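Under this note's numbering, the sequence shown has 60 at position 60, and the numbering climbs by one with no breaks.
For every residue, glycine included, the Cβ atom is placed at its ideal position computed from N, Cα and C.
Note that the structure is predicted; figures quoted are calculated from it, not measured.
Data block below; observations after.
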Amino acid sequence: MIARSDIAGMVLAGGQGARMGGLDKGLQSFQGVPLAAHALERLRPQVGAGKLSINANRNLDAYAGFGVPVVADTLADHPGPLAGMLTGLAHCDAPWLLTVPCDTPRFPTDLAQRLAEAATQARAAIAIAAAPETSGETVPALRFHPVACLLSVALREDLRQYLAGGGRRVMDWIARHPFATAAFVRPGDDPEAFRNANTLAELRLLETLTP
């Protein structure tokens, strides 16, 4: 089993916030707390002690105020979540890296544990979350949430090469490898756990949905 002490955690807040009018998404308030700070505190008990960081590409002083290392993308032009994952792998001080997006404030409090269980069982170097699509279907299909991802640091060079070759799509890179899936379909699992906020309106809606 992958121990908690073997996992470092990174909150991905390096996006350009295009659908949020260019605002720095990680600094937007969620129930009175910046989204990135909220994600850090939700992630903290799930990973090794002192093994938290934030990936951000602007307002670095503001992020530094959250009390964990802040690391910017190592690639120019900040080409999406995979760039943040590569940055995390480059700075990781543990065998495994767990990434979470800053705009999904209800991600499960047992995310690390269940991804670690899935990776161990499948003997996979990647484990990602999946949850029922909240589209009103009678039998909801499972949807992957690949940015909620547990990665072995052994994949660092492979990811670097994929990005150097122009690859950008998270699921396309993951699918190049055998990967495990943790399905959040157990009784008691929050059906809104992976709902994210791309706009300020969606963020305000999430505030009303959260207990």
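Q) By how many angstroms is the C-alpha of proline 187 removed from the C-alpha of valine 81? A) Position 81 of the sequence shown, counted from the start, is the residue given in the question as residue 81. Position 187 of the sequence shown, counted from the start, is the residue given in the question as residue 187. Inspection of the sequence shows that residue 81 is occupied by proline rather than by valine. Their backbone Cα atoms lie some 30 Å apart in a straight line.
**Q.** Residues near alanine 154 by beta carbon distance below 7 Å, same chain, minus five either side
**A.** Here residue 154 refers to the residue found at position 154 of the sequence shown. So the qualifying residues of the chain are Ala125.
Q: Just tell me which of Leu35, Met20 and Cys149 has its CA closest to the CA of valine 100.
A: By 1-based counting over the sequence shown, the position of residue 100 is 100. Out of Leu35, Met20 and Cys149, Cys149 has the C-alpha closest to the C-alpha of valine 100.
(Q) Assess contact between the segment 27–42 and the segment 71–90, defined as three or more Cβ pairs (one per stretch) separated by less than 8 Å. Is contact present? (A) no
Q.
Distance check for glycine 167 and tryptophan 173, CA to CA, integer angstroms please.
A. Taking the first residue of the sequence shown as position 1, residue 173 is located at position 173. Taking the first residue of the sequence shown as position 1, residue 167 is located at position 167. So the alpha carbons of these two residues sit roughly 8 Å apart.
Q: Below 6 Å CB to CB, which residues in the same chain sit around alanine 122 once its five sequence neighbours on both sides are set aside?
A: Stepping through the sequence shown from its first residue, residue 122 is reached at position 122. Ala180.
Q. So, helix, strand or coil for alanine 124, using DSSP?
A. Indexing the sequence shown from 1 puts residue 124 at position 124. Here alanine 124 sits in coil by DSSP.
Q.
Considering Cα atoms alone, identify which of Asp6, Gly22, Pro95 and Leu43 is closest to asparagine 59.
A. Position 59 of the sequence shown holds residue 59. Checked all of Asp6, Gly22, Pro95 and Leu43; the closest Cα to asparagine 59 is Gly22.
Q: Just list the alpha helix (DSSP H) runs in the segment 3–57, keeping only unbroken ones of 4 residues or longer that don't cross its boundaries, in chain order.
A: 35–43
Q: State buried or exposed for proline 33, treating a residue as buried only when at least 16 other CB atoms are found within 10 Å of its CB.
A: Along the sequence shown, one-based indexing puts residue 33 at 33. For clarity, residue 33 is valine in the given sequence; the question names proline instead. The residue is exposed, with fewer than 16 neighbouring Cβ atoms inside 10 Å.
Q) Going by DSSP, what residues sit across from arginine 143 in a beta bridge? A) The residue labelled residue 143 in the question sits at position 143 within the sequence shown. Note: arginine 143 sits in a beta bridge opposite Ala131.
**Q.** 6 Å Cβ shell around threonine 87 - same chain, five flanking residues per side excluded
**A.** The residue given as residue 87 occupies position 87 in the sequence shown. Asn55, Val71, Asp73 and Thr74.
Q: Look up proline 79 in the DSSP assignment and say whether it is helix, strand or coil.
A: Along the sequence shown, one-based indexing puts residue 79 at 79. DSSP places proline 79 in coil when its eight states are reduced to three.
Q: Please work out which residues of its chain come closer than 6 Å, Cβ to Cβ, to proline 69, disregarding the five sequence neighbours upstream and downstream, and give them in chain order.
A: Within the sequence shown, numbered from 1, the residue matching residue 69 stands at position 69. The answer, listed in chain order, is Ser53.
Q: For my contact list, phenylalanine 194 and proline 105 are in at a C-beta cut-off of 8 Å; report their separation, rounded to the angstrom.
A: Translated into positions along the sequence shown, residue 194 becomes position 194. Translated into positions along the sequence shown, residue 105 becomes position 105. Contact doesn't hold; Cβ gap of about 10 Å is too wide.
Q: Kindly indicate which residue of Pro140, Asp24, Asp103 and Cys92 has the alpha-carbon position closest to the one of aspartate 6.
A: Here residue 6 refers to the residue found at position 6 of the sequence shown. When each option's Cα is compared against that of aspartate 6, the closest is Cys92.
Q) Beta-carbon separation of phenylalanine 184 and alanine 112 under 9 Å? A) The residue given as residue 184 occupies position 184 in the sequence shown. The residue given as residue 112 occupies position 112 in the sequence shown. No, they are not a contact pair.
Q) So is proline 45 buried or exposed if we call it buried at 16+ other beta carbons inside 10 Å? A) Your numbering for residue 45 matches position 45 in the sequence shown. Exposed, since its Cβ has fewer than 16 Cβ neighbours within 10 Å.
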